[in-house]
Structures are given as C-alpha cells and as structure tokens.
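Chemist: Okay, handing you the structure first.
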Amino acid sequence: MRVVVLVSGGGTNLQSLLDASRSGSLGAAAIVGVISNRPGAGALDRATAAGVPTRVVDHRGFAGRSSFDAALRAEVDSLGAELIVLAGFMRVLTETFLAGLEDRVINIHPSLLPSFPGVRAQSQALHHGAKVAGCTVHFVDAGLDSGAIIAQAAVPVLDDDTDESLQARILVEEHRLLPVVVADLAAGRVRRQGRRVSRAT
Ligand code: GRF
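If you use my numbering, the sequence shown corresponds to residues 525 to 725, in order.
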C-alpha cells in the first residue's frame with residue numbers, strides 16, 4: 525500500500541513510521557513520499573535521511589484554503605497515494621482535498637477524542653483537570669479532528685505533570701499506535717460500520 529505522509533513540524537510521528545518500515549513491521553505499507561506545508565519542517569530532513577522523496581506545498585503561497593488544498597491533492601495524487609497519513613500536520617483539510625478519499629486519510633491527535641480537539645490538546649486536558657489523557661488515530665473528515673475513531677491509547681495524568689511531561693508521555697503512545705494502525709490498514713484488517721471502526725487482530 526503506497527503511503528504518503530503529510531507533516532508540518534519536527535516529524536517524530538513520521539520517524540516512528542520510517543523506523544517501523546525499516547524493521548518490516550509496517551507490512552504491506554510503503555512510505556512513498558512526505559509532503560510538508562512548511563519549507564523548513566524538520567520532518568523533511570528525516571524523510572530525506574531515510575531516502576523518501578519529499579515535496580513542499582507552502583500554504584503561504586496560495587490565496588485561499590481551497591487553492592492550497594487543490595495543489596496539495598495534486599501532489600498526493602502524483603505520488604500515487606493509496607493511504608494518506610497526517611502526522612503532526614497542522615492544517616485543516618477541506619472537501620477540495622478530501623473528495624473521493626473516504627477512509628483513505630487518517631490523522632493522529634494527542635487527546636482522547638472527542639475530548640479536546642484542535643491545538644494544544646495535551647495542555648487542554650491537563651488544565652481541564654483530566655485524570656486520563658492519550659492519543660487517537662482517526663479517519664479524517666472535513667471537520668476538526670471529528671472523523672471516525674480507529675484506535676486510541678490512554679496514559680495517566682499525574683499530579684505533578686506539566687504540559688511538557690504529559691506531552692512526552694502521550695508522544696510515546698503516538699509513536700507506538702500510529703505504525704500499528706497503518707499496518708492494520710495495509711493488511712485490510714480495518715472494518716468500518718458508520719462511526720464504529722474495528723481492527724481484526
Ligand atoms: C504530536 O503530538 C502530534 O500528535 C501533534 O503534533 C505533535 C508533534 O508531531 N499533531 P511530530 O513530532 O511533528 O510528528
């Protein structure tokens with residue numbers, strides 16, 4: 525399965541996919557390209573170091589969201605993507621991008637959705653007083669972190685946690701969960717009925 529990863533930042537989630545691919549634990553999934561909306565994203569260096577082609581579609585170069593989404597979709601299609609993984613990608617995608625890609629775009633979000641969508645999710649949970657936090661891999665729809673949930677992992681919130689300590693604890697689970705879900709999707713082990721998604725083990 526040809527996988528294209530969309531990134532914006534440092535790319536630690538991308539790195540977990542690259543490492544899983546090298547160790548053979550991604551199964552039939554192959555990362556064929558990495559695209560960033562930010563030219564200087566550290567994730568691009570990680571892709572290059574792993575020999576994966578990179579592209580940049582800089583959102584600042586477009587008049588509006590739909591023209592950016594159309595250009596991004598053209599790049600994704602040119603790479604022959606069969607699965608698109610948002611990994612630390614910080615743009616909300618519209619129907620212009622998503623059209624025809626039902627259940628072929630996934631995202632990893634650092635909260636137990638539907639709680640705490642959007643930015644700084646880890647901090648939202650901490651300062652709301654949540655006792656359990658975690659991460660979610662979900663299908664992407666045109667909403668904000670609102671697509672059907674595929675998998676989740678929970679971590680405790682400790683009394684002495686800071687934004688940074690909780691973020692680090694969640695990130696460990698993100699790096700474990702995302703490659704497992706990508707491998708499951710590539711193996712055809714994911715079934716969806718409405719919002720209910722199951723993964724055959
Ligand atoms: C991660 O917590 C991810 O869930 C969020 O951004 C953080 C950094 O991601 N969207 P990465 O290191 O760039 O993969």
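Glycine included, each C-beta is placed from N, C-alpha and C at the ideal position.
What residue does the beta strand (DSSP E) around alanine 677 start on, and which one ends it?
Modeler: Looking at the DSSP string, the run of the beta strand (DSSP E) that includes alanine 677 is 673 to 680.
Chemist: Contact check, glycine 557 vs leucine 603 under 8 Å by CB: the rounded distance?
Modeler: Confirmed, Cβ separation roughly 4 Å.
Chemist: Taking 8 Å as the cut-off, decide whether the C-beta atoms of leucine 622 and glycine 642 are in contact.
Modeler: No.
Chemist: DSSP three-state label for phenylalanine 592, please.
Modeler: Of the three classes helix, strand and coil, the one that applies to phenylalanine 592 here is helix, per DSSP.
Chemist: Could you pull out every residue in the same chain whose Cβ sits closer than 7 Å to the Cβ of alanine 707, ignoring the five residues on either side in sequence?
Modeler: Ser549, Leu550, Gly551 and Ala553.
Chemist: Mind checking whether isoleucine 559 and leucine 596 have CB atoms under 8 Å apart?
Modeler: Closer than 8 Å, so yes.
Chemist: Just reading off the beta strand (DSSP E) that alanine 554 is part of, what are its end residues?
Modeler: Residues 554 to 560.
Chemist: According to DSSP, is leucine 530 part of a helix, a strand, or is it coil?
Modeler: Strand.
Chemist: Using a Cβ-based criterion (distance less than 7 Å to any ligand heavy atom), does serine 583 qualify as near ligand 1?
Modeler: Note on residue identity: the sequence assigns histidine, not serine, to residue 583. The answer is no for histidine 583.
Chemist: Name the two residues that bound the continuous alpha helix (DSSP H) containing serine 639.
Modeler: Where serine 639 is concerned, there is no enclosing alpha helix (DSSP H), given that its DSSP letter is neither H nor E.
Chemist: Taking arginine 570 as the reference, give the member of Pro638, Val580, Arg723 and Gly535 with the closest Cα.
Modeler: The shortest C-alpha separation from arginine 570 is found at Gly535.
Chemist: Should serine 563 go down as buried or exposed, given a rule of 16 or more other Cβ atoms within 10 Å for buried?
Modeler: It should be pointed out that residue 563 corresponds to proline in this sequence rather than to serine. When all chains shown are included, proline 563 counts as exposed.
Chemist: Suppose the cutoff is 6 Å on Cβ atoms and the five residues either side in sequence are ignored; what does the same chain contact list for serine 742 look like?
Modeler: This structure cannot speak to residue 742, because the chain is shown only from 525 to 725.
Chemist: Can you list, in chain order, the residues of its chain with a C-beta nearer than 6 Å to that of leucine 568? Leave out the 5 residues immediately preceding and following it.
Modeler: Ser560 and Thr578.
Chemist: Under 8 Å, with one C-beta from each stretch per pair, do the segment 645 to 658 and the segment 672 to 687 reach the 3-pair mark?
Modeler: Contact holds: three or more Cβ-Cβ distances are below 8 Å.
Chemist: If you drop the 5 nearest sequence neighbours on each side, which residues of the same chain put their C-beta closer than 6 Å to that of alanine 519?
Modeler: Given a span of 525 to 725 for the chain in the structure shown, any question on residue 519 remains unanswerable.
Chemist: Tell me, to the nearest whole angstrom, how far the beta carbon of alanine 645 is from that of isoleucine 632; I am working on the premise that it is less than 8 Å.
Modeler: So it is not a contact: roughly 11 Å between Cβ atoms.
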